[in-house]
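Below: one structure, written as structure tokens.
Numbering (the working numbering), first residue to last: 261 to 350.
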């Protein structure tokens with residue numbers, strides 16, 4: 261094995277700046293990827309999850325009672341229109 265006497269590598273200011281710019285560019289791309297398109301901000305709900313779950317449980321219970329009593333009616337026309345339009349109603 262032959263060892264060559266080479267001067268130690270030195271880092272120039274340009275190399276440091278290039279490395280810093282690369283890190284900044286990666287951070288900027290990551291931040292941009294995390295943001296919604298167009299800079300829009302979406303907030304799903306301001307209610308606590310437990311309150312949402314409680315409200316959903318109440319709605320489900322009310323529908324169950326209507327089905328059980330025979331009073332629950334589905335608007336077939338509205339269902340068909342949503343199916344054709346591709347909208348789920350959510």
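From the three backbone atoms N, C-alpha and C, an ideal C-beta is built for every residue, glycine too.
How far does the alpha helix (DSSP H) with residue i in it reach, from first residue to last?
{"i": "residue 320", "result": "309-329"}
{"i": "residue 334", "result": "Looking at the DSSP string, residue 334 is not in any alpha helix (DSSP H), and its letter there is neither H nor E."}
For residue i, which residues from the same chain have a beta carbon less than 6 Å from its beta carbon, with the 5 sequence-adjacent residues on both sides left out?
{"i": "residue 314", "result": "none"}
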